[in-house]
Structure formats: C-alpha cells, structure tokens
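Written out below as structure tokens is the structure these notes cover.
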Amino acid sequence: PSPSSFAGGSGTTVALNAGSYSVSETAQIAYAASLSAGCSGSIAVGETKTCTIINDDIAPKLIVIKHVVNNDGRTAVAANFTMSVTAGKPTPASFPGAEAPGTQVALSAGSYSVTETGPNGYAASFSADCSGTIGLGQTKTCTITNDDYPLALVTDSSLCTFDVDNGTPGRQFRLLFTPDVNNPSGYKLNASNPGQTYYNVFYPTGSTVNITLPYPYVTQGAVPIHVYDGVTIQTVNGQRCLIPGNELANNSTQVTLANYNPQAFGSTYTITVPAGAYVNIHLDYGLKGTTGYKPGTQNSAISSAITIPNLQSYTFSDSGSGSGTVQSENAFKKDPGIAGLVQSSITGNPVPGATVQIYDPANVLLATVTTDADGWFLWEYKYTGKAATFTINLPIYSVSQTVTLKSNKFVVVIIPVP
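One point on numbering: in the working numbering, the residue at position 62 of the sequence shown is 146, and numbering is uninterrupted.
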C-alpha cells in the first residue's frame with residue numbers, strides 16, 4: 085500500500101495490489117471508533133472502495149450513590165433524599181437518591197458538583213469525587229453517606245456521654261457520699277461523677293418539644309435550656325461528644341424538687357421548650373447536699389427521708405420519640421483524717437489524678453496523695469491535740485485551702501479548680 089501510514093483527514097487515496105486488505109487506526113483516548121464495511125475485505129484490479137472511520141467523543145459518566153445508615157433510631161431511605169448535579173448538561177440533573185449501584189448521570193466535560201436535600205436528623209459525608217472536574221471518557225463515582233443522629237442523648241456537662249462502670253450493663257454515674265462533719269455517724273450526698281447532666285434532643289419535629297425529666301433531676305443555672313441550629317457529633321475515647329452550632333434561642337424555665345408529685349423515685353415532670361435542630365437542658369441531681377445517709381443492704385443509701393437504691397435508673401424522654409436512661413452507683417467514702425473532693429469550677433466534674441499536698445500548722449509537708457476516679461482524696465491520719473489548721477495545696481493548679489482538724493476527728497473539704 086502507498087502510503088501505508090498517514091494522518092487522518094477528509095480523504096486519502098491509497099494505491100494497493102489486488103487482494104485482501106484492512107484499515108486500522110491508532111486509538112485515541114475518550115473517542116469511540118466505528119468502521120464502515122469498506123474498511124476491510126478484498127479488492128480486485130481496477131476496483132475502488134471507500135473506508136470511512138468515524139470517531140465520536142465519549143461523554144463523561146458520573147455515578148451517584150446515596151447510602152443511608154440508620155443505627156440510631158431514624159428510618160429514612162435513600163429515595164427520601166433528592167440529589168442534584170450541577171454541570172454542563174447533566175442528564176438527569178435532579179433525581180431521587182438510590183443505594184448502590186446508584187444513578188448514572190451523563191454530563192459534559194468540565195467542572196461539576198453534587199448536592200442533596202432531604203430529611204433532617206442526618207449527618208452527610210461526601211466522597212472525594214462528589215465535586216471536581218471530569219474529562220471525556222471518564223467515569224467517576226460520588227457516594228454521599230447519611231448517618232442518622234440519635235433521637236436523644238444523656239451527657240455530662242462537657243456534652244460527652246459517660247459510663248463510669250464498664251463492667252455493669254447500661255450507663256452509670258456515681259453518687260458520692262462523704263462523712264458528714266456535723267453528724268459523724270452519717271453521710272452527706274456531696275457530689276456526683278460526672279458532676280452535672282445534660283439531656284440533648286436532636287431534630288425534633290414541630291415548633292416546641294416536651295421534655296420529661298425523672299425525679300430528682302432539677303435544672304442547673306439561670307438559663308438552663310438552649311436551642312441551636314445544628315450540632316456535630318464526634319467520638320472521643322469511645323464516648324460521643326457534641327459540638328453545638330449557632331445558638332438560636334434560650335429559655336429560663338426552672339425545675340425544682342417541688343415540681344415532682346410525689347417527690348419519689350418514679351415521678352416525672354414534663355416541660356415544654358422551643359424546638360430547633362438541637363436542644364439541650366442543663367440539669368443536676370437534686371438530692372445533692374442532703375444528709376443523714378447510712379449504707380444499707382446491696383449498697384443502698386438509707387436516710388429517714390429517702391432510700392437511694394444502688395443502680396437506681398433514671399429515664400429521660402421527649403415528644404420527639406427520644407429517650408435516654410442512666411443509673412446511679414452509690415460510693416461511700418470514709419476514713420479518719422483529711423479528705424476532700426477536687427472538682428472543676430466550670431463543669432462541676434470531678435478531677436481524677438490530681439496531686440494533693442497536705443502541710444501541718446508549721447508548713448511542714450506531711451503527705452502527698454492523688455485523687456481517685458471520683459476526684460476524692462484521703463489522708464488517713466488520727467490527729468490528737470488541740471484544734472489545728474492544716475493547709476491543702478494543689479500545686480499544678482496553684483490552689484490552696486486551709487482546714488481545721490480537731491483531735492480524733494475528720495474533715496472533708498471541696499476544692500474547686502480552674
């Protein structure tokens with residue numbers, strides 16, 4: 085053949101001997117080739133044949149997959165979400181979401197992006213190919229995963245879930261009973277670990293939400309209820325932690341023990357608060373500060389007014405179908421000497437692992453102890469003599485406090501730290 089190789093064009097005449105022949109071309113990326121019948125076969129002396137090769141550019145292809153994860157109580161499916169593709173001539177441009185294999189979208193080469201609208205209560209994550217540029221012949225896959233928010237969570241004042249006893253089913257917090265300096269034979273409910281509680285509601289429907297609290301929970305602070313436009317949930321050390329969005333509103337409704345009728349375990353009290361994407365209410369255990377307790381059977385805390393069973397359950401709920409249950413464990417702390425609780429002055433949570441130094445009246449260091457998981461420290465010391473002033477120092481916080489210890493007595497102090 086002459087010429088046997090040449091550039092494509094509007095037409096090239098090739099001289100060749102009679103017999104069989106074929107025409108081929110170097111493939112070009114992103115083009116599909118179609119060859120006419122005259123591009124191969126046999127040719128006779130004096131015969132003329134025409135071979136036409138058509139190259140058509142291959143349109144880009146975008147596959148959109150919508151994946152919905154319902155592991156926290158919500159029930160939306162992929163088709164409840166509407167997917168939208170912004171690009172040159174996307175077909176289809178808008179369509180219901182579909183799980184794998186997804187939906188195929190034809191579009192022009194160039195920049196593109198995928199967005200969605202759908203039910204509230206889901207956090208969306210987009211794969212890398214949900215936006216960018218796409219070339220002729222390319223296929224890209226965009227996967228949008230929507231994971232449902234919980235309906236509700238019970239957290240500490242850091243807005244993290246908690247469980248102080250991994251060996252017991254459910255989620256526990258501790259009630260800390262310490263010796264009552266005014267009644268040495270009894271205990272005082274001095275604190276809890278964690279220190280305070282939030283009930284958190286996510287994406288309730290309607291303009292208000294009813295929140296039902298269990299006895300003996302009371303509101304904490306002058307403005308205990310807050311409404312936000314959204315929330316981010318992260319996992320930290322195995323617990324779920326909340327980062328509120330922008331605050332939209334707040335409410336100063338107060339709940340005290342007097343709101344419960346009767347004032348007994350099992351009683352509940354319901355309040356109505358504004359709704360939003362995320363609502364929380366700041367709470368505390370309302371029996372803190374009560375006295376006259378003694379350890380009972382099965383580690384219950386017994387007083388003349390009330391008995392607090394060990395592993396007492398408390399269920400919070402709301403009109404958005406959310407709920408959360410926690411349990412209290414009773415912890416009795418007692419020994420002669422100097423003892424105390426180290427707590428955050430901001431959250432009220434106990435501070436574990438804090439170094440505590442104890443000095444005598446002559447400023448001589450007598451002991452160095454460390455707070456336990458409940459922020460409790462104890463120096464067992466049977467003091468004899470006249471009442472004397474001892475100094476408790478927390479060096480890492482530059483905080484110190486004095487206490488007066490009498491002969492053969494004990495003293496309990498609560499130390500807030502920054």
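Glycine residues also receive a C-beta, built at the ideal position from the N, C-alpha and C atoms. None of these values were measured; they are calculated from a predicted model.
Given this structure, state the Cα-to-Cα distance separating residue i from residue j, to the nearest angstrom.
i           : j           : result
residue 183 : residue 149 : 5 Å
residue 143 : residue 223 : 9 Å
residue 493 : residue 466 : 7 Å
residue 426 : residue 147 : 57 Å
residue 402 : residue 359 : 11 Å
residue 88  : residue 107 : 10 Å
residue 256 : residue 271 : 21 Å
residue 503 : residue 187 : Nothing can be reported for residue 503, as the shown portion of the chain is limited to 85 through 502.
residue 315 : residue 487 : 44 Å
residue 489 : residue 446 : 14 Å
residue 341 : residue 294 : 18 Å
residue 481 : residue 322 : 28 Å
residue 179 : residue 328 : 32 Å
residue 234 : residue 308 : 21 Å
Among the options, which has the Cα closest to the Cα of residue i?
i           : options               : result
residue 404 : 357, 426 and 144      : 357
residue 326 : 278, 238, 307 and 128 : 238
residue 215 : 249, 170 and 235      : 170
residue 258 : 269, 240, 277 and 245 : 277
residue 98  : 92, 91, 86 and 109    : 86
residue 313 : 285, 321, 398 and 322 : 285
residue 350 : 311, 367, 390 and 320 : 390
residue 291 : 455, 301, 495 and 332 : 332
residue 457 : 445, 417 and 489      : 417
residue 398 : 415, 470 and 282      : 282
residue 124 : 230, 198, 102 and 469 : 102
residue 413 : 424, 189 and 383      : 383
residue 324 : 151, 334, 362 and 246 : 246
residue 253 : 409, 160 and 443      : 409
residue 135 : 355, 126, 120 and 500 : 120
residue 199 : 185, 191, 181 and 190 : 181
residue 73  : 189, 207, 126 and 190 : The shown model of the chain, from 85 to 502, leaves out residue 73, and the question about it has no answer.
residue 117 : 128, 190, 221 and 189 : 221
residue 226 : 168, 244 and 267      : 168
Assign residue i to one of two classes, buried (16 or more other C-beta atoms within 10 Å of its C-beta) or exposed (fewer than that).
i           : result
residue 339 : buried
residue 228 : buried
residue 195 : exposed
residue 165 : buried
residue 240 : buried
residue 90  : exposed
residue 520 : Because the chain in this structure spans residues 85 to 502, residue 520 falls outside the shown range and cannot be described.
residue 364 : buried
residue 496 : buried
residue 317 : buried
residue 275 : buried
residue 100 : exposed
residue 432 : buried
So, under 8 Å CB-CB, residue i and residue j are touching, yes? Tell me the CB distance rounded to an integer number of Å.
i           : j           : result
residue 232 : residue 155 : 7 Å
residue 218 : residue 193 : 6 Å
residue 484 : residue 473 : That pair is no contact at about 12 Å.
residue 297 : residue 352 : 6 Å
residue 448 : residue 440 : Going by Cβ atoms, the distance from residue 448 to residue 440 rounds to 16 Å, so no, they are not a contact pair.
residue 463 : residue 422 : 5 Å
residue 376 : residue 388 : 6 Å
residue 210 : residue 385 : Not quite, the Cβ-Cβ distance comes to about 51 Å (not below 8 Å), so this is no contact.
residue 361 : residue 204 : 7 Å
residue 500 : residue 407 : About 33 Å separates the two Cβ atoms, so there is no contact after all.
residue 279 : residue 434 : 7 Å
I'd like to check one pair, residue j with residue i: are the Cβ atoms closer than 7 Å?
i           : j           : result
residue 372 : residue 273 : yes
residue 139 : residue 115 : yes
residue 451 : residue 478 : no
residue 249 : residue 302 : no
residue 287 : residue 344 : no
residue 152 : residue 161 : yes
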